[in-house]
Amino acid sequence: MIEAIIYISTLLITLTVVGKAGDAGYLNGALQRGFAGVSVQVVSANFLISYTNFESFIRACFDGMIGIHGYAFLLALGVLLVVWINNLYEYRQAIV
Amino acid sequence: MYVGPNGPGTYSYVWSNGDENWTDYYDDPATTADDHISACAYIVEGQCVGIDVGYPVPAIMTGGSYMLGVDWKLPAPSVSLFQSHRHVSGGLSGVYAGSSGDGPFAYKLGPQYFDAMEQNETLDKWRFTFVDREVDYSCSNLTNILNGQSNIFSVVKFDGTMTFIYDNSTLTYPNFEFEEYTQYKYETWDQVHLRWETKCHVGFDIVWDFTGFESLEISDFNRGDWDNTEILFTLDNFRLADGGKIDIGTTALPIAGDHFVDFSIEHQQVSTVEAGFVIKVGTLLLSFVTFAFALASTPYWDPFRNAFKGALD
Numbered sequence: 423m424i425e426a427i428i429y430i431s432t433l434l435i436t437l438t439v440v441g442k443a444g445d446a447g448y449l450n451g452a453l454q455r456g457f458a459g460v461s462v463q464v465v466s467a468n469f470l471i472s473y474t475n476f477e478s479f480i481r482a483c484f485d486g487m488i489g490i491h492g493y494a495f496l497l498a499l500g501v502l503l504v505v506w507i508n509n510l511y512e513y514r515q516a517i518v
Numbered sequence: 026m027y028v029g030p031n032g033p034g035t036y037s038y039v040w041s042n043g044d045e046n047w048t049d050y051y052d053d054p055a056t057t058a059d060d061h062i063s064a065c066a067y068i069v070e071g072q073c074v075g076i077d078v079g080y081p082v083p084a085i086m087t088g089g090s091y092m093l094g095v096d097w098k099l100p101a102p103s104v105s106l107f108q109s110h111r112h113v114s115g116g117l118s119g120v121y122a123g124s125s126g127d128g129p130f131a132y133k134l135g136p137q138y139f140d141a142m143e144q145n146e147t148l149d150k151w152r153f154t155f156v157d158r159e160v161d162y163s164c165s166n167l168t169n170i171l172n173g174q175s176n177i178f179s180v181v182k183f184d185g186t187m188t189f190i191y192d193n194s195t196l197t198y199p200n201f202e203f204e205e206y207t208q209y210k211y212e213t214w215d216q217v218h219l220r221w222e223t224k225c226h227v228g229f230d231i232v233w234d235f236t237g238f239e240s241l242e243i244s245d246f247n248r249g250d251w252d253n254t255e256i257l258f259t260l261d262n263f264r265l266a267d268g269g270k271i272d273i274g275t276t277a278l279p280i281a282g283d284h285f286v287d288f289s290i291e292h293q294q295v296s297t298v299e300a301g302f303v304i305k306v307g308t309l310l311l312s313f314v315t316f317a318f319a320l321a322s323t324p325y326w327d328p329f330r331n332a333f334k335g336a337l338d
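Residue numbers (the working numbering), protein chains in the order written: chain A, 423 to 518; chain B, 26 to 338.
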């Protein structure tokens, strides 16, 4: 569950980065976009999981260790993901 | 560490000593004096179950021989834990089976062991040191001085589980993983040559490092009441660091042998008030920032465009 949130978040960021690069005239080939996308996601997901406390922080929020503040953060994170997914559907990029 | 009227092991137990029943090997029919010890060759959930003596025999930490003191070889006051894998009387006195089972090795510690923990503080990390101090080894060539064995030390990996017990409730952290070199090095004064000498024992120290969130959870769990908190910790799934399967019988471990292992606890604590304030206020700020980021991700608000509007226009 926790890792799924991280992977969804990094996927959305990846799609935005690749989309912006495409709009700017870079990464025109499908192979280039695919390679760049996978690279960005693998690096960002591994960074969040391995080199930061993000995973344990989200887990602590879920488990109620941080009380109502943790749930407020989860709500904010949920809103952010919903907005990004909606943007992806509407505008083909997460951040507009 | 507090020494109670009945010694440091009063409410503390060896919970599991390798999960292999060596009772028959250690039970000497010629004498009944060691029945309690041979019964403790197999311990299940803190009870010596090797033989039926008609009543529960708790596997108290020191096996009836209370030893506690400042051992300068260890970093903190230590207690000697009896490992119960050896004959203590009869014609086979001192003989060791050569194994104690593959694990788990588990210990239940009473509040006497947390006497140095301040009330109303919570735990940041613990360091548990285990040293088999009865045999010295040379550190330089890794040779057993007594038996001529070589490469006595090795790098081992194992898993740990820590359970806090308070007010009939438990709080468990199961996912600790340790990688330790089984050489415990210390300095000793050589009275013959009048110089300091480095010596080594089989031993290791393990650090139970709790995240800030876990520290807060522990604080919520026992309310900082360390005078009434117990712990049960388990060490299991021992393996060689290079991925090879470990042979407990031939790999020297301080907790899987015979006679005694010395054990000490050091701790690092953190103020629950300070930690809680930083984490909770930080989380609240992060929530606002995330909300703002979500809003900024929509076409309705672009803080960068608004901030640099004059420059862009």
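Where is the CB? At the ideal position from N, CA and C, for every residue including glycine.
ask   = So, using beta-carbon positions, are residue 12 of chain B and residue 181 of chain B closer together than 8 angstroms?
value = Residue 12 of chain B lies beyond the range of chain B shown here (26 to 338); nothing can be said about it.
task = Run down chain B in chain order and give the residues with a C-beta less than 9 angstroms from the C-beta of residue 509 of chain A.
result = 322, 323 and 324
query = Measuring CB to CB, does residue 15 of chain B end up less than 8 angstroms from residue 294 of chain B?
reply = A question about residue 15 of chain B goes unanswered here, because the residues of chain B that appear run from 26 up to 338.
Contacting residues, own chain, Cβ-Cβ under 6 angstroms from residue 204 of chain B (five flanking each side not counted) = 182 and 266
request  = Output the boundary residues of the beta strand (DSSP E) element that contains residue 225 of chain B.
outcome  = 220-234
Simplified DSSP assignment, three categories, for residue 485 of chain A = coil
query = Helix, strand or coil for residue 132 of chain B per DSSP?
reply = strand
task = Pull up the distance between the alpha-carbon of residue 34 of chain B and that of residue 135 of chain B, whole angstroms please.
result = Interpretation of residue 34 of chain B is limited by its pLDDT of 46, a score under 50 that renders its predicted location unreliable; the figure taken from the coordinates is listed afterwards. Using only the alpha carbons, I get a separation of about 8 angstroms.
ask   = What are the residues that DSSP puts in a beta bridge with residue 152 of chain B?
value = B:232 and B:291
request  = State the CB to CB distance for the pair residue 480 of chain A and residue 427 of chain A, rounded to an integer number of angstroms; the pair is presumed to be in contact (CB under 8 angstroms).
outcome  = The pair is a contact, with the Cβ atoms about 6 angstroms apart (cut-off 8 angstroms).
task = Tell me whether residue 41 of chain B sits in a helix, a strand or coil according to DSSP, three-state version.
result = strand
ask   = Just checking my contact of residue 125 of chain B with residue 273 of chain B at CB under 8 angstroms: how many whole Å lie between their CB atoms?
value = 7 angstroms
inquiry  = Helix, strand or coil for residue 436 of chain A? Go by DSSP, reduced to three states.
reply    = helix
query = Taking just the CA atoms, how far does residue 317 of chain B sit from residue 297 of chain B?
reply = 30 angstroms
ask   = Within the chosen definition, does the region 501-513 of chain A reach the region 305-323 of chain B through at least 3 CB pairs nearer than 8 angstroms?
value = yes
Residue 498 of chain A versus residue 305 of chain B - alpha carbon distance = 15 angstroms
query = Of all the residues that make up the region 288-319 of chain B, which are near chain A by a beta-carbon distance shorter than 7 angstroms?
reply = 304, 305, 308, 309, 311, 312, 315, 316, 318 and 319
query = For the region 244-258 of chain B against the region 184-202 of chain B, are there 3 or more C-beta pairs whose distance is under 8 angstroms?
reply = yes
task = Have a look at residue 432 of chain A and residue 259 of chain B and give me their C-alpha separation to the nearest angstrom.
result = 37 angstroms
task = Residues of the region 242-258 of chain B with a CB closer than 9 angstroms to any CB of chain A: list them in chain order, please.
result = 242 and 245
message = Buried or exposed for residue 218 of chain B, going by 16 or more other Cβ atoms inside 10 Å?
response = exposed
request  = Would you tell me roughly how many angstroms separate the C-alpha atoms of residue 71 of chain B and residue 130 of chain B, rounded to the nearest one?
outcome  = 11 angstroms
inquiry  = For a test of the three-state rule: what should DSSP assign to residue 392 of chain B, helix, strand or coil?
reply    = Nothing can be reported for residue 392 of chain B: it is not among the residues displayed for chain B, which extend from 26 to 338.
query = How is residue 262 of chain B classed by DSSP in three states: helix, strand or coil?
reply = In the three-state reduction of the DSSP assignment, residue 262 of chain B falls in the strand class, which pools E and B.
message = Distance check for residue 101 of chain B and residue 460 of chain A, CA to CA, integer angstroms please.
response = A straight-line Cα-Cα distance of about 50 angstroms links residue 460 of chain A and residue 101 of chain B.
inquiry  = Here's the rule I'm using: 16 or more other beta-carbon atoms within 10 Å means buried, otherwise exposed. How should residue 342 of chain B be labelled?
reply    = Any property of residue 342 of chain B remains undetermined from this structure, which presents chain B solely from 26 to 338.
ask   = Span of the alpha helix (DSSP H) holding residue 203 of chain B?
value = Unbroken run through residue 203 of chain B is the beta strand (DSSP E), 194-206; no alpha helix (DSSP H).
request  = Examine chain A for any beta-carbon lying closer than 8 angstroms to the beta-carbon of residue 236 of chain B, and answer yes or no.
outcome  = Yes, because at least one Cβ of chain A sits closer than 8 angstroms to the Cβ of residue 236 of chain B.
ask   = What residues match up with residue 182 of chain B in a beta bridge as DSSP calls it?
value = DSSP lists B:204 and B:264 as the bridge partner or partners of residue 182 of chain B.
inquiry  = Short of 8 angstroms in beta carbon distance, which residues of its chain neighbour residue 84 of chain B, apart from the five on each side in sequence? Order them along the chain.
reply    = 38, 39, 40, 42, 65, 68, 71, 72, 73 and 109
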